[in-house]
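Number of protein chains: 6
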Amino acid sequence: MTNQISAFSTPDLNDLPEDIRELILTVQEKSGFVPNVFLALARRPDEFRAFVAYHDALMERDSGLTKAEREMIVVATSSLNQCQYCVVAHGAILRIRAKNPLIADQIVANYRKADITERQRAMLDFAVKVAQSANEVSETDFKLLHTQGFSDDDIWDITSITGLFGFSNRMANVMSLRPNDEFYSLGR
Amino acid sequence: MTNQISAFSTPDLNDLPEDIRELILTVQEKSGFVPNVFLALARRPDEFRAFVAYHDALMERDSGLTKAEREMIVVATSSLNQCQYCVVAHGAILRIRAKNPLIADQIVANYRKADITERQRAMLDFAVKVAQSANEVSETDFKLLHTQGFSDDDIWDITSITGLFGFSNRMANVMSLRPNDEFYSLGR
Amino acid sequence: MTNQISAFSTPDLNDLPEDIRELILTVQEKSGFVPNVFLALARRPDEFRAFVAYHDALMERDSGLTKAEREMIVVATSSLNQCQYCVVAHGAILRIRAKNPLIADQIVANYRKADITERQRAMLDFAVKVAQSANEVSETDFKLLHTQGFSDDDIWDITSITGLFGFSNRMANVMSLRPNDEFYSLGR
Amino acid sequence: MTNQISAFSTPDLNDLPEDIRELILTVQEKSGFVPNVFLALARRPDEFRAFVAYHDALMERDSGLTKAEREMIVVATSSLNQCQYCVVAHGAILRIRAKNPLIADQIVANYRKADITERQRAMLDFAVKVAQSANEVSETDFKLLHTQGFSDDDIWDITSITGLFGFSNRMANVMSLRPNDEFYSLGR
Amino acid sequence: MTNQISAFSTPDLNDLPEDIRELILTVQEKSGFVPNVFLALARRPDEFRAFVAYHDALMERDSGLTKAEREMIVVATSSLNQCQYCVVAHGAILRIRAKNPLIADQIVANYRKADITERQRAMLDFAVKVAQSANEVSETDFKLLHTQGFSDDDIWDITSITGLFGFSNRMANVMSLRPNDEFYSLGR
Amino acid sequence: MTNQISAFSTPDLNDLPEDIRELILTVQEKSGFVPNVFLALARRPDEFRAFVAYHDALMERDSGLTKAEREMIVVATSSLNQCQYCVVAHGAILRIRAKNPLIADQIVANYRKADITERQRAMLDFAVKVAQSANEVSETDFKLLHTQGFSDDDIWDITSITGLFGFSNRMANVMSLRPNDEFYSLGR
Numbered sequence: 124m125t126n127q128i129s130a131f132s133t134p135d136l137n138d139l140p141e142d143i144r145e146l147i148l149t150v151q152e153k154s155g156f157v158p159n160v161f162l163a164l165a166r167r168p169d170e171f172r173a174f175v176a177y178h179d180a181l182m183e184r185d186s187g188l189t190k191a192e193r194e195m196i197v198v199a200t201s202s203l204n205q206c207q208y209c210v211v212a213h214g215a216i217l218r219i220r221a222k223n224p225l226i227a228d229q230i231v232a233n234y235r236k237a238d239i240t241e242r243q244r245a246m247l248d249f250a251v252k253v254a255q256s257a258n259e260v261s262e263t264d265f266k267l268l269h270t271q272g273f274s275d276d277d278i279w280d281i282t283s284i285t286g287l288f289g290f291s292n293r294m295a296n297v298m299s300l301r302p303n304d305e306f307y308s309l310g311r
Numbered sequence: 124m125t126n127q128i129s130a131f132s133t134p135d136l137n138d139l140p141e142d143i144r145e146l147i148l149t150v151q152e153k154s155g156f157v158p159n160v161f162l163a164l165a166r167r168p169d170e171f172r173a174f175v176a177y178h179d180a181l182m183e184r185d186s187g188l189t190k191a192e193r194e195m196i197v198v199a200t201s202s203l204n205q206c207q208y209c210v211v212a213h214g215a216i217l218r219i220r221a222k223n224p225l226i227a228d229q230i231v232a233n234y235r236k237a238d239i240t241e242r243q244r245a246m247l248d249f250a251v252k253v254a255q256s257a258n259e260v261s262e263t264d265f266k267l268l269h270t271q272g273f274s275d276d277d278i279w280d281i282t283s284i285t286g287l288f289g290f291s292n293r294m295a296n297v298m299s300l301r302p303n304d305e306f307y308s309l310g311r
Numbered sequence: 124m125t126n127q128i129s130a131f132s133t134p135d136l137n138d139l140p141e142d143i144r145e146l147i148l149t150v151q152e153k154s155g156f157v158p159n160v161f162l163a164l165a166r167r168p169d170e171f172r173a174f175v176a177y178h179d180a181l182m183e184r185d186s187g188l189t190k191a192e193r194e195m196i197v198v199a200t201s202s203l204n205q206c207q208y209c210v211v212a213h214g215a216i217l218r219i220r221a222k223n224p225l226i227a228d229q230i231v232a233n234y235r236k237a238d239i240t241e242r243q244r245a246m247l248d249f250a251v252k253v254a255q256s257a258n259e260v261s262e263t264d265f266k267l268l269h270t271q272g273f274s275d276d277d278i279w280d281i282t283s284i285t286g287l288f289g290f291s292n293r294m295a296n297v298m299s300l301r302p303n304d305e306f307y308s309l310g311r
Numbered sequence: 124m125t126n127q128i129s130a131f132s133t134p135d136l137n138d139l140p141e142d143i144r145e146l147i148l149t150v151q152e153k154s155g156f157v158p159n160v161f162l163a164l165a166r167r168p169d170e171f172r173a174f175v176a177y178h179d180a181l182m183e184r185d186s187g188l189t190k191a192e193r194e195m196i197v198v199a200t201s202s203l204n205q206c207q208y209c210v211v212a213h214g215a216i217l218r219i220r221a222k223n224p225l226i227a228d229q230i231v232a233n234y235r236k237a238d239i240t241e242r243q244r245a246m247l248d249f250a251v252k253v254a255q256s257a258n259e260v261s262e263t264d265f266k267l268l269h270t271q272g273f274s275d276d277d278i279w280d281i282t283s284i285t286g287l288f289g290f291s292n293r294m295a296n297v298m299s300l301r302p303n304d305e306f307y308s309l310g311r
Numbered sequence: 124m125t126n127q128i129s130a131f132s133t134p135d136l137n138d139l140p141e142d143i144r145e146l147i148l149t150v151q152e153k154s155g156f157v158p159n160v161f162l163a164l165a166r167r168p169d170e171f172r173a174f175v176a177y178h179d180a181l182m183e184r185d186s187g188l189t190k191a192e193r194e195m196i197v198v199a200t201s202s203l204n205q206c207q208y209c210v211v212a213h214g215a216i217l218r219i220r221a222k223n224p225l226i227a228d229q230i231v232a233n234y235r236k237a238d239i240t241e242r243q244r245a246m247l248d249f250a251v252k253v254a255q256s257a258n259e260v261s262e263t264d265f266k267l268l269h270t271q272g273f274s275d276d277d278i279w280d281i282t283s284i285t286g287l288f289g290f291s292n293r294m295a296n297v298m299s300l301r302p303n304d305e306f307y308s309l310g311r
Numbered sequence: 124m125t126n127q128i129s130a131f132s133t134p135d136l137n138d139l140p141e142d143i144r145e146l147i148l149t150v151q152e153k154s155g156f157v158p159n160v161f162l163a164l165a166r167r168p169d170e171f172r173a174f175v176a177y178h179d180a181l182m183e184r185d186s187g188l189t190k191a192e193r194e195m196i197v198v199a200t201s202s203l204n205q206c207q208y209c210v211v212a213h214g215a216i217l218r219i220r221a222k223n224p225l226i227a228d229q230i231v232a233n234y235r236k237a238d239i240t241e242r243q244r245a246m247l248d249f250a251v252k253v254a255q256s257a258n259e260v261s262e263t264d265f266k267l268l269h270t271q272g273f274s275d276d277d278i279w280d281i282t283s284i285t286g287l288f289g290f291s292n293r294m295a296n297v298m299s300l301r302p303n304d305e306f307y308s309l310g311r
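Protein chains in written order, with the working numbering: chain A, 124 to 311; chain B, 124 to 311; chain C, 124 to 311; chain D, 124 to 311; chain E, 124 to 311; chain F, 124 to 311.
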């Protein structure tokens, strides 16, 4: 197994459209490294832009879910989908967002045994149902989430985050996208 | 079961941002009706724009896959995910793109028995694997697809289309998104 | 993929026993074509007769289930079993029996989102359980169905129709039984 | 748990149509007892006759499969479907047909470890595929079976026996059909 | 298929460490034969001793579960794991412990239809959950078992017996461990 | 969710039998803390001793598998079984044994994408098969492993380690056994 980033060839940073190159350089400045997903997706500039737009629309918006809770959803469902890149990278982000060095590994292994609230447990139960059997979601699920204080917009967020990352999980698995070494120790 | 479009409330066309309202009116003019997915997604303008951008980047680009083949992927994987809206709406589009009134119903029921080429069969076998067990995709799958004449970019397309619609399938199932009556008879 | 009817050779109409030949000609007169399942099964006259007898005993009898409801069961469970012939042929029959051009495609894609009554939903939930995990059926299921007004005889009917067509689904899949082109547009 | 035969009420032998009563009395005379399936199915005379006709057409016909091999198929697939009546009753018949007191229990537990020939192993592998994923059966399966000396008619028989008993398994599980005590020790 | 005991070579009784040889001879004296599992495991004396110690700690201890009930757990879960050796050998032990010639075959086929008490049904439902999805066990399961009169120690026993035999089932399946002919007729 | 160690009450160190107390104190001296599994299992001294004996027989013996490889098996299969304690604790041990801070997280997420050799990949593929479908293991699996240089004794080790920890996984999940905080950062 080589240390290449992706099963698909990746573009040179200097050959990228200006907006994408700038975005990547900004991330690099902030994080200290370029997460591999940026270079891998930049092979397709239009899709890169759409993905970033979708991601930010969901992960940066004002929401009834905290940013840490949104990352919990990403980590729990990416673990079910066995996506190495998303589990490692978003595990790091979750540790940072939640200021908790243990929470990501707990959720990766079995979210039912993690140090989370009852409300967060209901949120992850629903996310897992959306990831694995959305065809069986019904009004009963909505009612249960309302009982835990989630609004319809919160349910939309849980669903969309699960769906968008389920898409990423499939891309990353087909790419054999390699997590940067930096992620493993972040936030511990 | 009422005839409402979605489990989430949908915005009034006149309250939408101008770019989205125009896009929807253009679609209406071309198709003769507004596909429900547009109104349902417009509840969240930023996500609406990102979805349309992603969709067009994949479905309208020059590709080694014909437009009909791309719709075959959507129909086969949406059927596995039991997404009523996507099966009915994209079944119609597939009939039109392929100029074949039978192909959509064949693929919905069991793509392995459909009137498709051996190459298309390999394409759908891979799409189904991406939808159901992307974690097990390996170099062997790439080799098999190369043998059938698919390039790496074609493999990217199959993966991304499967992933994007897997996301839509989950959204539509949670929304109980209702297919417009018009779709059922289109292209027959 | 050729357009042959079945993976098994099929008999010539003129070589068939008189009773079977007559039955097939009667069907042809009534429908305007000979459904392929008749020719495919006629390869084995005794089994042909037993199948027709069983089919008619269940589908023609006086029952607490309407004929349209019985076809709903066939369509919902045949879709789960991915039987192309049964989905296409009985989808047509369901459209005709229910005088509803949309209902079959809705149930094929996801019966939970179809325009059916709560009682029909309970009927299909049970049929799906019989098709997929009859070993777990218990008194609790009977009670739930009684609550919806189903008698023990109705439960027998749901079970038997699911079972008989589960048998047909397996035959048709091994045969690669081809649906006649005529079915696709019937009742639309 | 009471010792009743079936979750559905069963008819009195004397109230049955003459042909069915006679058939049951003949079986009783030959076996020394009335297998419960006869009384349970006799609740519906027309279905009873169709089932017996289908059963005999498959299990009594001249075939490339011995009668013991046909019972192996019934036992292996009924075990997967967790049908207590069929496993116990046809386990007894298999012991008698094969003149082997061990073979049924071996196949019930795991047919892959049973004392059977390579050809019989291929037959049961196919039967299990028909029972569990007939939608994936293809020409490749036919070729494999041809290699083991099975004709197309033999493949038909394996498929039909698996299908008919898959139907019975579902009926018997919903009925909670009770195996007669006599079956357990027969042929040991 | 030969009649060898195991896919791994087995030691000669005379070459075994004295304590193991004596234990085996004692079993032989009591049962009239040496169960094959003893010779198969004796290939690794330290593991043999640990297995016997664990087995006896669970199966011989004073417990809220009768010895017959403990064997019910072994038989029900070994059947799900398709372990031929454990199903046949412990089926015999269960018949003897329960003084009931029918109970083992009933549980092997479908424990939900066996002649057991409601309490035993709850016990086996939990054992099956531990065998198949222990990751989903929660306080709710404990409460249900408490309602049926099981103590925490009883729950420990159900869990441990299921776990230890799940381990054995995997060993025996990889070994293709052959049940001794003597087991099949014991206790009938 | 409280921070208790186990759903079952745990004994006081001072009330434990002398040999167990000493063993635990020795571990504490070496590791700097008492892994929770020791206190949880000590509730049952005889089972504690049997588990330790079995564990050491497999994990400390001379073997064709390195100690790091044996921990890879534990981590890969415990992750599939969603056992939080085993994933976290043995993830730490694997990092230490392999002197590699990344390898555990890689294997937990998806061993198919981890930095392991082809031989180790074959080892984990087999371990996963033993964990999930040991009933389907056959000579073909042995041959494949022989090709990669594994002896029969190595195959025994892979099987037994998978089986023993599959047992632990079930115990720990029912116990809701809490990993010590110390494990998360060990070996990073």
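From the three backbone atoms N, C-alpha and C, an ideal C-beta is built for every residue, glycine too.
- Burial check for A:Leu247: the Cβ neighbour count within 10 Å reaches 16 or more, so the residue is buried.
- Contacts with chain A at 8 Å (Cβ-Cβ) include B:Asn296.
- Straight across, the Cα-Cα distance linking E:Val210 with C:Asn303 is about 48 Å.
- As for any alpha helix (DSSP H) of minimum length 4 sitting wholly inside the region 127–155 of chain B, the runs are 141–154, ordered along the chain.
- In the DSSP annotation of this structure, the continuous segment of the alpha helix (DSSP H) that includes E:Phe288 starts and ends at 275–298.
- Pairing C:Asp280 with C:Leu181 gives a Cβ-Cβ distance under 8 Å.
- The beta carbon of B:Pro140 is closer than 7 Å to those of Pro168 in its chain, skipping five residues each way along the sequence.
- Inter-residue distance for B:Arg301 and F:Phe174 is about 56 Å (C-alpha atoms, whole angstroms).
- With respect to chain B, the C-beta atom of C:Leu181 has no partner C-beta closer than 8 Å.
- Within chain A, the residues Glu170, Ala173, Phe174, Tyr177 have their CB atoms less than 8 Å from the CB of B:Tyr177, given in chain order.
- Contact of A:Ser274 with chain B is not assigned, every C-beta pair being separated by 8 Å or more.
- Our two residues, D:Ala237 and E:Ala199, have alpha carbons roughly 20 Å apart in a direct line.
- Going by beta carbons, A:Thr285 and B:Arg293 fall inside the 8 Å limit.
- For F:Tyr234 and F:Arg244, the gap between their C-alpha atoms comes out near 8 Å.
- Around the beta carbon of E:Arg242, fewer than 16 other beta carbons sit within 10 angstroms, so the residue counts as exposed.
- Not flagged as an interface residue toward chain E: D:Arg220, since no C-beta distance is shorter than 8 Å.
- Residues of the region 136–159 of chain D with a C-beta atom less than 7 Å from some C-beta of chain C do not occur.
- Val253, Ala257, Asn258, Val260: these are the residues of the region 251–264 of chain D whose beta carbon lies less than 7 Å from some beta carbon of chain C, given in chain order.
- Contact check for A:Val157 and A:Ile147: beta-carbon distance about 6 Å, within the 8 Å limit, so the pair qualifies.
- The three-state secondary structure of C:Cys206, taken from DSSP, is coil.
- Contact annotation: the region 254–263 of chain B does not touch the region 220–230 of chain B, with fewer than three C-beta pairs closer than 8 Å.
- Cβ atoms of E:His178 and E:Leu268 stay farther apart than 8 Å, at about 23 Å.
- Counting only Cβ-Cβ distances below 7 Å, E:Thr285 has contacts in chain F at Arg293, in chain order.
- Boundaries of the alpha helix (DSSP H) harbouring A:Arg172: 168–182, taken from the DSSP string.
- Of all alpha-carbon atoms in D:Ser308, D:Leu162, D:Ile216, the one lying nearest the alpha-carbon of D:Thr133 is that of D:Leu162.
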